[in-house]
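J.: So that we are looking at the same thing, I have put the structure below in structure tokens.
Now the structure itself:
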């Protein structure tokens, strides 16, 4: 489906969410609590069939986090971006491992570098850094006078 | 041309004329011991250098070419390095077995030099059960390998030693059957008799199809027995462990290393003796003139030429084929090689009885 | 360091593979739980070469950060640079001249060939055949010589920049590329004869490490790993970019899903790359090799994502910009990361010797995974 067509189709499917065309693909912004039902609808429905999660990451906006999911369909070849707002004080969001097995390692990486707790993740532990590392380096307020050099 | 037999005989007579019989025997034994050790060392040197040059040739590069002209002193330099290296012994090993293991492997290899006929009339010990002696003594090296793996007190060494032990014991069966196929044709275990029976042609040509099948099985089986690629799971264990000689360093490791190359030489020598006639030149039936011309080349050159041809063949295998997994290796032996070699033995017996060979 | 048990409560042994290991091609540490020779579970422990490139790029300008991306997947360094350049150009809406596009694609395909050749040599070496490594490098040397003449370096080239390429091609470039292609086409038959048709090699790769198409989609596998399982995911074909829009080539797909299928996909991809270069090498258009851009680049506020196909699979470059001279957040979606997540599933039930075969056909480059 083309971007415009997909945008209209998504707007009909999710009337209360904020959907717009970003730089490449339709972007949908939702709250973190709605994540699982939205993904279930996007993956399960025949007309969208978003079965390929090709990027999952997080952006730190200093007042809140945003989890960004890039989804694509291997059948229809259309893509979209799903953004979920996560609270900064208690960063928690549901894990999407039961829909996309690739999320297991991707979410471990986000937990490692940002500190977001993924509920119902089978094995949430640090991935790239050592087990006893303190702090979450990719956050904007992370200070490490020994390891970080200001350029 | 010159003949080693005549030189040795005249030397023996010269000694007998000077001393009494017992002294002569003792002196000759000492000389032969010295000769065996020298041959062991020299062959080791030559074979390691040959391996490096053959592998370089196959891999489109030059081998060692700095130490000495064409790099011929490379192995001497390596041996010198290994001798002066610290030969440490880890604390938790079983001391007696750890120190004994390399010697068992080396002694077995040296004992096998005894019945080999190097040239016409040159043989250290002409025993009437020559082939039987060779197969029996070569089985003893498994003990050395298992001893090394056990004594190292390292679970990876033990894994490697067990795999290697299983491999050697299995492939001895096929090798033995292949050897038996030729014995059936000659009717004697004595190595001199076997060579003499090839006067009118080598067994690989006279015995036609079953002899060729036996030769192929023999080459595969001895490549596996000496832990050479493509069966070198125990040695080039880049997958997980270092094999049974992980905990050995310095001169002890050098003994294992050299013993492996001597084993290759010996099995190729046996193969050359049984299938290609040993020191017997290439004769065709009763073409007198041709045979007479072939006889001009000394028999020692024939022997070493055939042995080195087989050695280069085995080295060629190493640098061409990937490795077999351990269960595929044992599969190959028990499900394919052993039934084929048993069938081949039966066919060869039939041919020997009916006289359907050349 | 976490406490790793030597023996699990059921009596299975836990072994370490790596981080220093001849077969893992990089610092990859795996904990494998084995029962005898059979692998029951595999747990990767990565991060040994984590250099936090993503955090570093937040303090580098848009012209500077491209140089650190060459070090991510160093075997397809040009393609990493290409991805970053495409994203920056998308943000600034720069038109890249035709000549630069064609040069970029030729250089990318040469890099893909070099990467696949190294992969072939090291796969054969891991499985025990030590000679093909030298034959692969004989051809690869010709490519690195071409790179050295045109780009100035042999491994991390930094040739592709936002706006085009850094400098024009060397006058000998076309001649040398044609010579290389003649040599390569005569040798690819030898590669097949030596390794592909070898019974021992086929026994070690056929039926090993099966990955079904549904699992490939779920694990996010990409590149030849996924194409060996029947998933059509070649970004050059599906979402064409740069000069790929104007040329003809086939996407190679095998359906078996085992190691041998992944191997054959890469071998045939090498031949397709030669086909692509043949279409372009004589038709390099005249013109500028770099568009005029400002000295200091400032991307407008927004988010930009580029997908492109490296030798290992789909690379994603995601830039979030707040309007400054440095990116606010960069994320590199690496192909090796998702291929590695499928490794546990692929080797369960196989022997330790098969682990080498599966890892070799996945073609992992660890700096790409760790970033």
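Residue numbers (my numbering), protein chains in the order written: chain A, 29 to 179; chain B, 1408 to 1765; chain C, 510 to 880.
The beta-carbon is built from N, C-alpha and C at its ideal position, and this holds for glycine as well.
(1) Between residue 633/C and chain B, is any beta-carbon pair separated by less than 8 Å?
(2) Taking just the CA atoms, how far does residue 116/A sit from residue 715/C?
(3) Can you give me the Cβ contacts of residue 686/C inside the same chain, cut-off strictly under 8 Å, excluding the 5 residues immediately before and after it?
(4) Of the residues that make up the stretch 576-602 of chain C, which ones have a beta carbon closer than 9 Å to any beta carbon in chain A?
(5) Go ahead and pull the three-state DSSP assignment for residue 1524/B.
(6) Which residues in chain C sit within 9 Å of residue 1448/B, going by Cβ to Cβ distance?
(7) In whole angstroms, give me the CA-to-CA distance for residue 510/C and residue 728/C.
(8) Does residue 635/C come out as helix, strand or coil in the three-state DSSP assignment?
(9) With residue 1485/B as the anchor, note down where its alpha helix (DSSP H) starts and where it stops.
(10) Which runs of the alpha helix (DSSP H) fall wholly inside the stretch 30-96 of chain A and span at least 4 residues, in chain order?
(11) Give me the Cα-Cα distance between residue 1439/B and residue 1487/B, rounded to the nearest whole angstrom.
(12) Please report how far the alpha carbon of residue 579/C lies from the alpha carbon of residue 667/C, in whole angstroms.
(13) Measure the C-alpha to C-alpha separation of residue 601/C and residue 813/C and round it to an integer number of angstroms.
(14) Between the stretch 581-597 of chain C and the stretch 539-549 of chain C, can you find at least three pairs of beta-carbon atoms closer than 8 Å?
(15) Would you report the Cα separation of residue 643/C and residue 1502/B, rounded to the nearest angstrom?
(16) Measuring only the C-alpha atoms, how far is residue 1588/B from residue 1755/B?
(17) Whose C-alpha, out of 683/C, 617/C, 754/C, is nearest the C-alpha of residue 665/C?
(18) Run through chain C and tell me which residues come within less than 9 Å of residue 165/A, C-beta to C-beta.
(19) Could you name the residues of the same chain whose beta carbon sits closer than 7 Å to that of residue 170/A, not counting the 5 residues immediately before and after it, in chain order?
(20) Of all Cβ atoms in chain A, is any one closer than 8 Å to the Cβ of residue 740/C?
(21) Output needed in chain order: residues of the stretch 835-857 of chain C with a Cβ under 9 Å from some Cβ in chain A.
(22) Excluding sequence positions up to five away, which residues of its chain have a Cβ less than 6 Å from the Cβ of residue 1665/B?
(23) Does the distance from the CB of residue 730/C to the CB of residue 848/C come in under 8 Å?
(24) Hey, residue 102/A and residue 551/C: beta-carbon distance below 8 Å or not?
(25) Should the stretch 1545-1561 of chain B be called in touch with the stretch 1702-1712 of chain B, which here means at least 3 C-beta pairs below 8 Å?
(26) Since residue 656/C is in the alpha helix (DSSP H), which residue starts that stretch and which ends it?
(27) Here's the rule I'm using: 16 or more other beta-carbon atoms within 10 Å means buried, otherwise exposed. How should residue 825/C be labelled?
(28) In its own chain, which residues sit with a C-beta less than 8 Å from the C-beta of residue 857/C, not counting the 5 before and 5 after it?
(29) So, does the CB of residue 823/C fall closer than 8 Å to a CB anywhere in chain A?
(30) Could you tell me whether the stretch 1593-1608 of chain B touches the stretch 1687-1697 of chain B, where touching means 3 or more Cβ pairs closer than 8 Å?
(31) Given 8 Å as the limit, is there contact between the stretch 859-877 of chain C and the stretch 591-600 of chain C, that is, 3 or more CB pairs closer than that?
(32) Using three-state DSSP, classify residue 675/C as helix, strand or coil.
(33) List the residues of chain A whose Cβ lies closer than 9 Å to the Cβ of residue 700/C, in chain order.
(34) Which whole-angstrom value describes the C-beta separation of residue 604/C and residue 800/C, a residue pair presumed to lie in contact below a C-beta threshold of 8 Å?
(35) Since residue 553/C sits in a beta bridge, which residues does DSSP pair it with?
(36) Give the list of continuous alpha helix (DSSP H) stretches no shorter than 4 residues that lie fully inside the stretch 562-612 of chain C.
T.: Reading it off the structure:
(1) On the third chain, position 124 is the one that residue 633/C refers to. Yes, its Cβ sits closer than 8 Å to a Cβ of chain B.
(2) Looking up residue 715/C in the third chain gives position 206. Looking up residue 116/A in the first chain gives position 88. When rounded, the distance between both Cα atoms is 50 Å.
(3) As a working mapping, residue 686/C is identified with position 177 in the third chain. Excluding sequence neighbours, residue 686/C sits near 615, 619, 655, 786, 790.
(4) Listed by position along the chain: 599, 600.
(5) By 1-based counting over the second chain, the position of residue 1524/B is 117. Residue 1524/B: strand per DSSP, three-state reduction.
(6) Numbered from 1 along the second chain, position 41 holds the residue referred to as residue 1448/B. Chain C residues near residue 1448/B: none, gap ~27 Å exceeds 9 Å.
(7) As a working note, residue 510/C is residue 1 in the third chain. As a working note, residue 728/C is residue 219 in the third chain. At residue 510/C the pLDDT is 44, less than 50, meaning the model places this residue with poor confidence; the figure from the coordinates comes in the next sentence. Answer to the nearest angstrom: the Cα atoms are 28 Å apart.
(8) If you number the third chain from 1, residue 635/C lands on position 126. Correct three-state label for residue 635/C: helix.
(9) Indexing the second chain from 1 puts residue 1485/B at position 78. Unbroken alpha helix (DSSP H) run through residue 1485/B: 1481-1491.
(10) 31-41, 63-72
(11) If you number the second chain from 1, residue 1439/B lands on position 32. If you number the second chain from 1, residue 1487/B lands on position 80. Going from the Cα of residue 1439/B to the Cα of residue 1487/B covers about 25 Å.
(12) Indexing the third chain from 1 puts residue 579/C at position 70. Indexing the third chain from 1 puts residue 667/C at position 158. So the alpha carbons of these two residues sit roughly 7 Å apart.
(13) As a working note, residue 601/C is residue 92 in the third chain. As a working note, residue 813/C is residue 304 in the third chain. Their backbone Cα atoms lie some 10 Å apart in a straight line.
(14) no
(15) Indexing the third chain from 1 puts residue 643/C at position 134. Indexing the second chain from 1 puts residue 1502/B at position 95. Between residue 643/C and residue 1502/B, the alpha-carbon positions lie close to 42 Å from each other.
(16) Your numbering for residue 1588/B matches position 181 in the second chain. Your numbering for residue 1755/B matches position 348 in the second chain. C-alpha separation (whole angstroms): 6 Å.
(17) The residue labelled residue 665/C in the question sits at position 156 within the third chain. Answer by Cα proximity: 617/C.
(18) Counting from 1 along the first chain, the entry for residue 165/A is found at position 137. Residues of chain C passing the Cβ test: 561, 564.
(19) To locate residue 170/A, count along the first chain from 1; it is residue 142. Taken in chain order, the residues that qualify are 163, 164.
(20) Here the question's residue 740/C lines up with position 231 in the third chain. True, the Cβ-Cβ gap to chain A drops below 8 Å.
(21) Against chain A - using a Cβ distance shorter than 9 Å - the residues of the stretch 835-857 of chain C are 837, 838, 840, 842, 846, 847, 849, 850, 851, 854.
(22) Taking the second chain and counting its residues from 1, one reaches residue 1665/B at position 258. Counting only Cβ-Cβ distances below 6 Å, and skipping sequence neighbours, we find 1451.
(23) Your numbering for residue 730/C matches position 221 in the third chain. Your numbering for residue 848/C matches position 339 in the third chain. Cβ atoms of residue 730/C and residue 848/C: closer than 8 Å.
(24) Residue 102/A sits at position 74 when you count from the first residue of the first chain. Residue 551/C sits at position 42 when you count from the first residue of the third chain. The answer is no: Cβ separation not under 8 Å.
(25) no
(26) If you number the third chain from 1, residue 656/C lands on position 147. Its alpha helix (DSSP H) spans residues 641-660.
(27) On the third chain, residue 825/C is found 316 positions in, with the first residue counted as 1. So residue 825/C counts as buried.
(28) Counting from 1 along the third chain, the entry for residue 857/C is found at position 348. 548, 549, 550, 551.
(29) As a working note, residue 823/C is residue 314 in the third chain. Interface residue, yes.
(30) yes
(31) Using a Cβ-Cβ distance cut-off of 8 Å, the stretch 859-877 of chain C and the stretch 591-600 of chain C are not in contact, since fewer than three pairs of beta carbons, one from each stretch, lie closer than that value.
(32) To locate residue 675/C, count along the third chain from 1; it is residue 166. Here residue 675/C sits in coil by DSSP.
(33) Here residue 700/C is taken as the residue at index 191 of the third chain, counted from 1. Going along chain A, no residue has its Cβ under 9 Å from residue 700/C, so there is no contact; the nearest lies around 31 Å.
(34) Within the third chain, residue 604/C is the residue found at index 95, counting from 1. Within the third chain, residue 800/C is the residue found at index 291, counting from 1. Confirmed, about 6 Å.
(35) Against the third chain, residue 553/C aligns to sequence position 44. Beta-bridge pairing links residue 553/C to 539/C.
(36) 562-566, 574-578, 586-601
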